[in-house]
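Taking it in order: structure first as structure tokens, then the write-up.
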Amino acid sequence: MPPPARLPETARRQPAPPGGGGSQKVAGVGDGRRGRGTIAAMTTDTTGAAARDGESRRGGPADSPFVRACRREDGPRTPVWFMRQAGRSLPEYREIRKNVGMLESCRRPELVAEITLQPVRRHRVDAAILFSDIVVPVAAAGVDLDIVPGTGPVVAEPVRTAADVERIRPITRDDVSYVDSAVRLLVAELGDTPLIGFAGAPFTLASYLVEGGPSRTHAKTKALMYGDPELWHALCDRLADVACAFLRVQVDAGVSAVQLFDSWAGALSEADYRRYVLPHSTKVLSGLADAGVPRIHFGVGTAELLGAMGEAGADVVGVDWRTPLDVATRRIGADRAVQGNLDPAVLLAPWPVVEAEVRRILAEGRAAPGHVFNLGHGVLPETDPDVLTRVVALVHEVSARPTE
Ligand code: CP3
Numbered sequence: 010m011p012p013p014a015r016l017p018e019t020a021r022r023q024p025a026p027p028g029g030g031g032s033q034k035v036a037g038v039g040d041g042r043r044g045r046g047t048i049a050a051m052t053t054d055t056t057g058a059a060a061r062d063g064e065s066r067r068g069g070p071a072d073s074p075f076v077r078a079c080r081r082e083d084g085p086r087t088p089v090w091f092m093r094q095a096g097r098s099l100p101e102y103r104e105i106r107k108n109v110g111m112l113e114s115c116r117r118p119e120l121v122a123e124i125t126l127q128p129v130r131r132h133r134v135d136a137a138i139l140f141s142d143i144v145v146p147v148a149a150a151g152v153d154l155d156i157v158p159g160t161g162p163v164v165a166e167p168v169r170t171a172a173d174v175e176r177i178r179p180i181t182r183d184d185v186s187y188v189d190s191a192v193r194l195l196v197a198e199l200g201d202t203p204l205i206g207f208a209g210a211p212f213t214l215a216s217y218l219v220e221g222g223p224s225r226t227h228a229k230t231k232a233l234m235y236g237d238p239e240l241w242h243a244l245c246d247r248l249a250d251v252a253c254a255f256l257r258v259q260v261d262a263g264v265s266a267v268q269l270f271d272s273w274a275g276a277l278s279e280a281d282y283r284r285y286v287l288p289h290s291t292k293v294l295s296g297l298a299d300a301g302v303p304r305i306h307f308g309v310g311t312a313e314l315l316g317a318m319g320e321a322g323a324d325v326v327g328v329d330w331r332t333p334l335d336v337a338t339r340r341i342g343a344d345r346a347v348q349g350n351l352d353p354a355v356l357l358a359p360w361p362v363v364e365a366e367v368r369r370i371l372a373e374g375r376a377a378p379g380h381v382f383n384l385g386h387g388v389l390p391e392t393d394p395d396v397l398t399r400v401v402a403l404v405h406e407v408s409a410r411p412t413e
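What follows is the structure, given as structure tokens:
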């Protein structure tokens, strides 16, 4: 058995307090923790988790069940984490975000670290995902936007012309130094638990920029794509550079994997996806081929695109609930792992329904060369967090494999 990760151990000793998580000053991880475990301590202690734990550690996060599954290697169990695991389903998140805007909260490293850690402590998931948003690097690139509660990203001046595209400038580490700091705090704090970095893929980012906000039809986006392919490709090329640079900052700071979210790519046919989107997503993912961390590529409603999304350079392809994982694996191929795919709405059903679905997905996931259990999209805000905790325990119990 590999040594248990530090955070879950802490969670055992000190469950998250109701509504807690440090409501006023966000200096530490968890209330009342002292010494080496706190973010405050980590800001002055640069020795790092590996050095402190000494030779008893094996490979750290690179040897975790999550990274092993991404690499299609055997592991002690099927790893599980949830998209949007940090967020409104958690009372401690709602408490800590009370008086802080979404974008502002993404720019405060200690707050980012605390929010990122909340679901790891509570649910004992196998990976943390950095608390941020896909539009954070776009704002850093000079686009005037905000994240409006209950709506999502809203762009002040939607992209219409070549001049609008040219105003999206490349980003450097200095433009997102708060992300670099947050990742470093987290990597030190998480020990063996891997941290996932992420970015939005060019199509999904372009959709927000062209529409000016969330859209059901992506009509303006498609009108630009079909009507002015040159401008479309110029826009996506810039966004690919922004996404790639944003991921590179996270990799350099120590994340163990990256996920490229192309949440809205399912709005396209495969032919259009290949023509208008794939080259740009490929640019992002191939730009990280030398990074040495698994690359996950995810979208919603992408049943027809799964093969193409794998070709973009992913090690793991995210699958929504519409496609069973064994079917998805046939489309994606045996050289890639899969991630998914419980319908987030199932978590609102009675437990026996949830349990049956979890067991079905684990069974179907056995057809894949590697399976990371997740939802088919993000946690819904009205989800009972205790159900998420139960799902983690069930996945671990059902998938436990004997180790030497
Ligand atoms: O736990 C995690 O998964 C990490 C945090 C995360 C957020 N956004 C935090 C967030 C991640 C990975 C994202 C990515 C993101 N942002 C995507 C891709 C993933 C997906 O869900 O498809 C997209 C499309 C966005 C754009 C966006 N930002 C939307 C659609 C919303 C929700 C609007 C709403 O209020 O319902 C946001 C805001 C946002 N990003 C919230 C969170 C926790 C909610 C804001 C809040 O709590 O006030």
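For the sequence shown, counting from 1, position 232 maps to 241 in the numbering used here; every step adds exactly one.
In this text, a Cβ means the ideal position worked out from N, Cα and C, and glycines have one as well.
In this model, P74 and L139 are separated by some 18 Å (Cα to Cα).
Taken from the Cβ of S272, at least one heavy atom of the ligand CP3 lies inside 6 Å. Here the C-alpha atom of G327 lies approximately 24 Å from the C-alpha atom of C115.
R369 sits in a helix when the DSSP states are folded into three classes.
From the listed residues G68, P70, R77, the smallest Cα separation to P378 is found for R77. Judged by beta-carbon spacing, Q268 lies beyond the 7 Å limit of I370, meaning their Cβ atoms are not closer than that value. Taking non-hydrogen atoms of the ligand CP3 into account, the C-beta of F255 is found less than 6 Å away from none of them. In the DSSP assignment, H380 falls within the unbroken beta strand (DSSP E) covering 380-384. Shortest gap from the CB of A346 to any heavy atom of the ligand CP3: 6 Å or more. Within the chosen limit of 6 Å, the ligand CP3 does not reach the beta carbon of D329 with any heavy atom. The three-state secondary structure of P162, taken from DSSP, is strand. A distance below 6 Å between beta-carbons, with the five flanking residues on each side excluded, links A148 to the following residues of its chain, in chain order: L154. Within a 10 Å sphere around the beta-carbon of E123 sit 16 or more other beta-carbons, which makes this residue buried. Closest by C-alpha distance to P333, out of G301, I156, V367, is V367. Comparing C-alpha distances from G221 to each of V174, P167, S265, A210 shows the shortest one belongs to P167. DSSP places V134 in the coil class of the three-state scheme, outside both helix and strand. In the structure shown, V396 falls within a helical segment according to DSSP collapsed to helix, strand and coil.
By the criterion of a C-beta distance shorter than 6 Å, H405 is surrounded in its chain by R86, once the five residues flanking it on both sides are discounted. Rounded to whole angstroms, the Cβ separation of L384 and P353 is 5 Å, and the two are in contact under 8 Å.
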